[in-house]
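**Student:**
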Amino acid sequence: MRRTFDEHACRSVVRLDGLWDFVPDAEGIGEKKQWFRKFPAGGGRMAVPGCWNTNPRLFDHHGKGWYRRSLQVPAGTKNLVLVFEGSGGALSAWLDGRFLGRNPISCLPWTVTVPGVATGGHELVVLVDNSKSLEDVFPQYGNDWAHYGGIVRPVEAAFLGDIWIQEMRLPYSLADREVTLAPELTITNLGAEARTEQLVLEINGARAAEWTVRLPAGRTVRIRRELPPQRLARWSPDHPVLHTVRAACGGDDLVDRTGFRSITCRGQQILINGTPVKILGVNRHHEYGDNGFAMPPDLVLRDVELIRDLGCNAVRCHYPIDSFAMDLCDEMGLLTWSEIPMYARWPAIVANPAYRVLAETAIDRMIARDFNRPSVFVWSVMNECATDMPDGARTAAQLVRRVRRHDTTRPVSYATNKLMADQGLAPLDLIGLNAYPGWYDDKKRPATWPPLIDAMTAKVAAQRRGARPFLITETGGAAIYGDRSLEDRKWSERFQADLLERNLRDLLDDPRVAGVFIWQFADIRTIVEYWSNRPGLFNNKGLLDRFRRPKESYWRVRDLYREYASRRDAGRNGAQRAAQPIAEGVRGRRESVAMRQAKASGNRGA
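Mapping of the sequence shown onto our numbering: residues 75 to 680, in sequence order.
(1) Can you tell me whether residue 96 is buried or exposed, with buried defined as 16 or more other CB within 10 angstroms of its CB?
(2) Count the other CB atoms within 10 Å of the CB of residue 84; is the residue buried (16 or more) or exposed (fewer)?
(3) Taking residue 526 as the reference, give the member of 540, 546, 542 with the closest Cα.
(4) Would you report the Cα separation of residue 249 and residue 204, rounded to the nearest angstrom?
(5) What does DSSP give as the partner residues of residue 82 in its beta bridges?
(6) Just to confirm the assignment, what range does the alpha helix (DSSP H) spanning residue 405 have?
(7) For residue 179 and residue 469, which I take to be in contact (beta-carbon distance under 8 Å), what is that distance rounded to the nearest angstrom?
(8) Less than 9 Å between the C-beta atoms of residue 242 and residue 301, yes or no?
(9) Tell me, which residues are paired with residue 334 by DSSP?
(10) Suppose you measure from the CA of residue 600 to the CA of residue 256; what does that come to, to the nearest Å?
(11) Using a Cβ-Cβ cut-off of 6 Å (strictly less than) and excluding sequence neighbours within five positions of residue 247, which residues of its own chain qualify?
(12) For the beta strand (DSSP E) containing residue 283, list its first residue and its last residue.
(13) Can you give me the C-alpha to C-alpha distance between residue 279 and residue 317, rounded to a whole angstrom?
(14) Could you give the residue range of the beta strand (DSSP E) that holds residue 531?
(15) Using a threshold of 9 Å, state whether the C-beta atoms of residue 160 and residue 122 are closer than that.
(16) Report the three-state DSSP secondary structure of residue 561 (helix, strand or coil).
(17) I'd like to know if the region 389-397 and the region 620-635 are in contact, where contact means that at least 3 CB-CB pairs between them fall below 8 Å.
(18) State the start and end residues of the unbroken beta strand (DSSP E) segment that holds residue 120.
(19) State buried or exposed for residue 285, treating a residue as buried only when at least 16 other CB atoms are found within 10 Å of its CB.
(20) Leaving out the 5 sequence neighbours to the left and right, which residues in its chain are closer than 8 Å to residue 690 when beta-carbon positions are compared?
(21) Does the separation of the CB atoms of residue 381 and residue 591 fall below 9 Å?
(22) CB of residue 116 to nearest heavy atom of the ligand ZN: below 8 Å?
(23) Can the beta-carbon of residue 389 be found less than 9 Å from the beta-carbon of residue 408?
(24) Is residue 234 closer than 9 Å to residue 152 when the C-beta atoms are compared?
(25) Please report how far the alpha carbon of residue 611 lies from the alpha carbon of residue 269, in whole angstroms.
(26) What do you get for residue 482, buried or exposed, if any count of 16 or more other CB atoms within 10 angstroms of its CB means buried?
(27) Would you mind stating whether residue 99 and residue 165 have Cβ atoms separated by less than 9 Å?
(28) Have a look at residue 679 and residue 584 and give me their C-alpha separation to the nearest angstrom.
(29) CA-CA distance, residue 586 and residue 544?
(30) Within 10 Å of its beta-carbon, does residue 440 have 16 or more other beta-carbons around it, so buried, or fewer, so exposed?
(31) Check for me: the alpha helix (DSSP H) holding residue 640 runs from which residue to which?
(32) Would you report the Cα separation of residue 320 and residue 275, rounded to the nearest angstrom?
(33) Considering Cα atoms alone, identify which of 488, 581, 410, 502 is closest to residue 524.
(34) DSSP has residue 94 in a bridge; who is on the other side?
(35) Shortest alpha-carbon distance to residue 103 belongs to which of 119, 140, 130?
(36) In chain order, which alpha helix (DSSP H) runs of at least 4 residues are fully inside the region 446-470?
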């Protein structure tokens, strides 16, 4: 996978990114005609990673697309492992005409093993299907974002001997200043003979432990060992200290990083390392301009830098973002709300056992990929689904239990827009609430946050589980970039900025609210079926437009978040102004929007 560091010191890995042969299959005839054996001539080429819906010929293509490339397996290779980090739709793969499998979980890595692979040249063929009617895919079509088709994230090939270190989980316990690490490794012997090997573990480049392990032929074993307590620096958003762990066994190795910190909920607060943290967050889609979901590393880095510059300490997305972006969150101390893409599903789908299995598989893979990440502070099982109905509440409870099978160290939640009608809140460790007072309601009598907070607090108290934190997981309003009318009206930059300022003033100083995620960081494309009333078919609630040009709201939110953080830090130092409300003069102290945008354009580009 594409990471900010090397995952291997001795494993041979080749990235398969670049230009692949490509043929669209609008009629859906490729499988019947066995294009995986004889790829059609006369097609074009497509970048991997890439989205075909950004191609002028394929803007409206929702269906099947076929990819092909050659693959050279070097001498000495016994086994091949292919990793597809993510796709826009269900993905199927063939090697030399042999079917390798189908992956319906498009937003998380899929690993395929080809044992006994021959050295020399091979042909890899991939089919991606983003048909609107496809049901056995996760997520399904019909969300509030564009469903780009294609191989949208990196692909890699690993050339192995007999031993394969598949996974390394790094659970730990904390006591005083010491860390007790208890690594769990999944190792497969792909060979025909049993092996006895030395398993070596290194922490920050120094050998920490070594064990002799027995690996039966053709079997996968799980090994757990507890290390002696060590003094290792803690991770926090303000001091994101990471530690590198490497496991080596039988000629293979695997490197990962982790940070040591505790996450707990106490009353209405979220605590990291025992210290209350107010979430100052923003929602973000992994999308940019005309790139769609296939964002190159420089643009991903720029997004994380902009989010940090905004004053945020947290980010949320409706699906797991790519590994490179997650690495940056770990490095830069940006907390992440990690969510599977079970988005706005109505009762019949939420209650469907087959769809629940897809959701459970997504949970399994999300936690397997990101368990070691210190930035992940909550697992979320859905967003705005039918939890106001008994079937929806039952499904939510089942998914919460699924998460806890894998991880009991982080809170579990989901985001609801049902407020008082929601029936599924009881098993949650913290509650996420989506509401847009001042945007979707009557402008003459706009709703405000305090009554909503009163209602949610009363609902939680009535469940007699004790106080729990709740986060505002979505709130905001839209603006068209460049609309700087003197009139205070919807869709103008001024209206959006004023709305967000009112909301943040209500929320940031309310001790009952554990934090806020503004909807959203940047404008994104959406779909015509549900959102044809939106200008340009975009969700325009971004603080920046799709090319990261700032609207007035970016600077307003930046001032408010930074002002709050400054008062918080002063409060920790015992300053008298800790109890003061957000200064009413924030807006007056700002530079003009034009001046700020000119600086941003000069320093960052458009």
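No residue lacks a Cβ here, since even glycine has one placed at the ideal position from N, Cα and C.
**Tutor:** Straight from the coordinates:
(1) buried
(2) exposed
(3) 546
(4) 49 Å
(5) In the DSSP output, where bridge partners are listed per residue, residue 82 has none listed.
(6) 397-406
(7) The pair is not a contact, with the Cβ atoms about 17 Å apart (cut-off 8 Å).
(8) no
(9) 308
(10) 44 Å
(11) 254
(12) 280-289
(13) 10 Å
(14) Counting along the chain, residue 531 falls outside any beta strand (DSSP E), though it belongs to the alpha helix (DSSP H) covering 523-536.
(15) no
(16) coil
(17) no
(18) 118-122
(19) exposed
(20) Only positions 75 to 680 of the chain appear in this structure, which leaves residue 690 out of reach.
(21) no
(22) Ligands in the displayed structure: none, and consequently the ligand ZN is not present.
(23) yes
(24) yes
(25) 58 Å
(26) exposed
(27) no
(28) Because residue 679 carries a pLDDT of 33, less than 50, the predicted location of this residue cannot be relied on, and no value is offered for it.
(29) 8 Å
(30) buried
(31) 626-646
(32) 6 Å
(33) 581
(34) 120
(35) 140
(36) none
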